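Line order of the protein sequences matches chains A and Z. Per this note's numbering, residue 20 is the first one in the first sequence, and the count goes up by one each step. Per this note's numbering, residue 20 is the first one in the second sequence, and the count goes up by one each step. To start, the structure under review is shown below, and the notes come after it.
Protein chains: 2
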Amino acid sequence: MTGGTNPTPSDHQQGTLLTGGVVTLAGGVGAAKLLTGLVRVHPPRDQLAVVNTADDTVLHGLHVSPDLDTVIYTLAGAVNPETGWGLAGETWQAMEALDRYGGITWFRLGDRDLATHLYRTHRLGQGADLASVTGEIATAWGLELAVVPVTNDTIRTRITTVDEGEIDFQDYFVRRRHNVTVTGVRVAGLESAHPAPGLIEALTRATRIIIAPSNPIVSIAPVLGVPGVREAVAARREAVMAVSPIVNGAALKGPADRLMLELGHECSVVGVARLYRDVAATLVIDEADAHLAPDVEASGMNCVVTHTVMNGPEEATALARVVLGQAGRGRA
Amino acid sequence: MTGGTNPTPSDHQQGTLLTGGVVTLAGGVGAAKLLTGLVRVHPPRDQLAVVNTADDTVLHGLHVSPDLDTVIYTLAGAVNPETGWGLAGETWQAMEALDRYGGITWFRLGDRDLATHLYRTHRLGQGADLASVTGEIATAWGLELAVVPVTNDTIRTRITTVDEGEIDFQDYFVRRRHNVTVTGVRVAGLESAHPAPGLIEALTRATRIIIAPSNPIVSIAPVLGVPGVREAVAARREAVMAVSPIVNGAALKGPADRLMLELGHECSVVGVARLYRDVAATLVIDEADAHLAPDVEASGMNCVVTHTVMNGPEEATALARVVLGQAGRGRA
Chain A
20 MTGGTNPTPS
30 DHQQGTLLTG
40 GVVTLAGGVG
50 AAKLLTGLVR
60 VHPPRDQLAV
70 VNTADDTVLH
80 GLHVSPDLDT
90 VIYTLAGAVN
100 PETGWGLAGE
110 TWQAMEALDR
120 YGGITWFRLG
130 DRDLATHLYR
140 THRLGQGADL
150 ASVTGEIATA
160 WGLELAVVPV
170 TNDTIRTRIT
180 TVDEGEIDFQ
190 DYFVRRRHNV
200 TVTGVRVAGL
210 ESAHPAPGLI
220 EALTRATRII
230 IAPSNPIVSI
240 APVLGVPGVR
250 EAVAARREAV
260 MAVSPIVNGA
270 ALKGPADRLM
280 LELGHECSVV
290 GVARLYRDVA
300 ATLVIDEADA
310 HLAPDVEASG
320 MNCVVTHTVM
330 NGPEEATALA
340 RVVLGQAGRG
350 RA
Chain Z
20 MTGGTNPTPS
30 DHQQGTLLTG
40 GVVTLAGGVG
50 AAKLLTGLVR
60 VHPPRDQLAV
70 VNTADDTVLH
80 GLHVSPDLDT
90 VIYTLAGAVN
100 PETGWGLAGE
110 TWQAMEALDR
120 YGGITWFRLG
130 DRDLATHLYR
140 THRLGQGADL
150 ASVTGEIATA
160 WGLELAVVPV
170 TNDTIRTRIT
180 TVDEGEIDFQ
190 DYFVRRRHNV
200 TVTGVRVAGL
210 ESAHPAPGLI
220 EALTRATRII
230 IAPSNPIVSI
240 APVLGVPGVR
250 EAVAARREAV
260 MAVSPIVNGA
270 ALKGPADRLM
280 LELGHECSVV
290 GVARLYRDVA
300 ATLVIDEADA
310 HLAPDVEASG
320 MNCVVTHTVM
330 NGPEEATALA
340 RVVLGQAGRG
350 RA
């Protein structure tokens, strides 16, 4: 890393943003995996993860931030490796007991995971902002990389379905397992949201901005959509490297592929390039899509071909080296 | 039981009040024990428990109703027999995980108990009133006796302490283990609270009203203090039987004895009689206090002497027979 004004450890606090270094725009599982690689190849104290909160929800009165928790649990080495979310070794006494009442159990909150939501809700109720609380939670898990929600304001993805009209994101994503036909996506609250304190400055001064291999429609678009963020990222376009979440025409996880198609995008690395070309100079695509590299470049982005599927820490680390420019680049 | 208009089972629903039968004014553990006896000797569908909510609290954003839960868990046979509150066989994963964040763990919420608070908070958030939600919870536990909060409105006991001024009830009761000097007790919200729907009618038509052996200051006084309740109970004074929570000058559980003394009451069955004589015709006292029966009567109440300490279901049942007038009464 060059050009960053790296803070000394004593300067660094969770919840405060850096004035240099690496900034990653993040959704959930895919972003969390890449971040585990990034912290292995670049000092975590010189990094910031900016996380989507448009899929946050209030359940049972508790403020649940799925993407923030996935990023934090994963970086803490505490995530459930089977699912990519939730805590390893979790117990489910509360959910089982909730069944007695016919309560909402389709969104599974483990007993230990509940503590995170209890704490977050308590602190928000005290008047703390989400960025501060997120910093406290990340610190409690021993994270050195800073984690912030993209905004302290409430933004919520709403999904318009053919059969049921507009529904909440988690209703779509978890309850219906994204197995419905979508005709539209909007993010309520986005136009009046403010970027997290210091976020615009961090983007302005970052030596590298990474768009993680997250869902472009429901994870990255809300992050870029907070007023000021897209412009700040676009102003640094040459320093921005996006990783395609689409490999061989399909999403590795979740509904990105289906959503892209239903909303009129080409479901390929070329479709991803068209979504990101205004904000990112370079798209990292998987070797499986090497033959599409010319089309990516024709659409206006530089293209890096590498192995992007992260099945373990080694692959995450190798991909991190690529996105940080520490590995050889090459056109296919 | 005579004179009650007993509903048939099909008429009866949790959350709806009876138009006859036995009404018990209840706090937590002591009341719950007596109720286990009452449902053994009188049809539970002909009974209503009216429960204090002035020690309800919001923790981590969750609405916690300690007395309601103690009554319901106890009647369901699910209460922790060691403590008299909480669930038997409980696990504590959420509280242990909350320690990581330095969250509030002095008020222990077990994993399965949490489900009750999650459900209650969810339903209140949907706009349901506390009486309706309480009925749903009681029904889920299979209770036939109707359980209602004394009011759907928010009432909260505040404790004035010598050292720290006014504090919340649970701060006093749980966090400080009521080990502080109290100079005053008030119930915020009481003057504008309304009795639970149907409560006044239930009191008016009850064949027997029982004041459970609960704390007169912080459990029964808030129940009687909801506007209209004291008057409705006093109007039925001849049908009202109170059980003294003070035995041999001490409370069996909790701070009733210390509170009575600090607030200027005599800490004895005679002190209890002076608190209840305007609303209840009869006070049931323990054999240990038999020598004070004349003083109780001199203070204006009939006095029944019996074994009032309930260490198990047999003793609760025997006491229930006495308060229902199904056992011989006698002066000491």
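For every residue, glycine included, the Cβ atom is placed at its ideal position computed from N, Cα and C. In this text, all values refer to a predicted model and were calculated from it rather than measured experimentally.
Taking 9 Å as the CB-CB cut-off, is residue i touching chain Z?
i	result
residue 134 (chain A)	yes
residue 116 (chain A)	yes
residue 345 (chain A)	no
residue 337 (chain A)	no
residue 332 (chain A)	no
Have a look at the DSSP bridge pairing and note the partners of residue i.
i	result
residue 66 (chain A)	A:41
residue 168 (chain Z)	Z:70
residue 330 (chain Z)	In DSSP, residue 330 (chain Z) forms no bridge with anything.
residue 303 (chain Z)	Z:262, Z:323
residue 124 (chain Z)	DSSP, once it has assigned bridges, lists no residue as partnering residue 124 (chain Z).
residue 177 (chain Z)	Z:187, Z:205
Kindly list, in the order they appear in chain Z, the residues whose Cβ is closer than 9 Å to that of residue i.
i	result
residue 155 (chain A)	120, 121
Is any beta-carbon of chain A found at less than 9 Å from that of residue i?
i	result
residue 112 (chain Z)	yes
residue 164 (chain Z)	no
residue 149 (chain Z)	no
residue 87 (chain Z)	no
residue 125 (chain Z)	no
residue 137 (chain Z)	yes
residue 29 (chain Z)	Note that residue 29 (chain Z) scores 36 on pLDDT, short of 50, meaning its location in the model is unreliable; the coordinates nonetheless yield the value given after this. False, the Cβ-Cβ gap to chain A never drops below 9 Å.
residue 77 (chain Z)	yes
residue 351 (chain Z)	Confidence is the limiting factor: at residue 351 (chain Z) the pLDDT is only 34, short of 50, which leaves the residue's position unreliable and the question unanswerable from this model.
By the criterion of Cβ-Cβ separation under 7 Å, what are the contact partners of residue i in chain A?
i	result
residue 80 (chain Z)	80, 81, 140, 141, 144
residue 159 (chain Z)	119, 120
Here's the rule: buried if 16 or more other CB atoms are within 10 angstroms of the residue's CB, otherwise exposed. What is residue i?
i	result
residue 55 (chain A)	buried
residue 194 (chain A)	exposed
residue 282 (chain A)	exposed
residue 211 (chain Z)	exposed
residue 184 (chain A)	exposed
residue 96 (chain Z)	exposed
residue 299 (chain Z)	buried
residue 234 (chain Z)	buried
residue 160 (chain A)	buried
residue 29 (chain A)	Low confidence applies to residue 29 (chain A): its pLDDT is 36, below 50, so where it sits in the model is not reliable enough to give any reading.
residue 63 (chain Z)	buried
residue 251 (chain A)	buried
residue 196 (chain A)	exposed
residue 270 (chain A)	buried
residue 264 (chain A)	buried
residue 118 (chain A)	exposed
residue 274 (chain Z)	buried
residue 71 (chain Z)	buried
residue 310 (chain A)	exposed
residue 23 (chain A)	Note on residue 23 (chain A): pLDDT 36, under 50, position unreliable in the model; no value is reported.
residue 27 (chain A)	Its pLDDT being 35, under 50, residue 27 (chain A) is placed unreliably by the model, and nothing is read from it.
Can you pull the chain Z neighbours of residue i, defined as C-beta to C-beta under 8 Å?
i	result
residue 131 (chain A)	112, 113, 115, 116
So which residues of chain A does residue i contact, with C-beta pairs closer than 9 Å?
i	result
residue 57 (chain Z)	Correct list: empty, because the minimum Cβ distance to chain A is about 24 Å.
Is any heavy atom of the ligand COA found at a distance shorter than 8 Å from the C-beta of residue i?
i	result
residue 250 (chain A)	Absent from the structure shown: the ligand COA. Ligands present: none.
My parser needs the beta strand (DSSP E) runs of 3 or more residues fully inside the region 70-108 of chain Z; what are they?
Fully enclosed beta strand (DSSP E) runs of 3 or longer: 76-78, 81-83.
Which full runs of the beta strand (DSSP E) of 3+ residues lie inside the region 200-271 of chain A, going along the chain?
Complete beta strand (DSSP E) runs here, min 3: 201-207, 227-230, 259-262.
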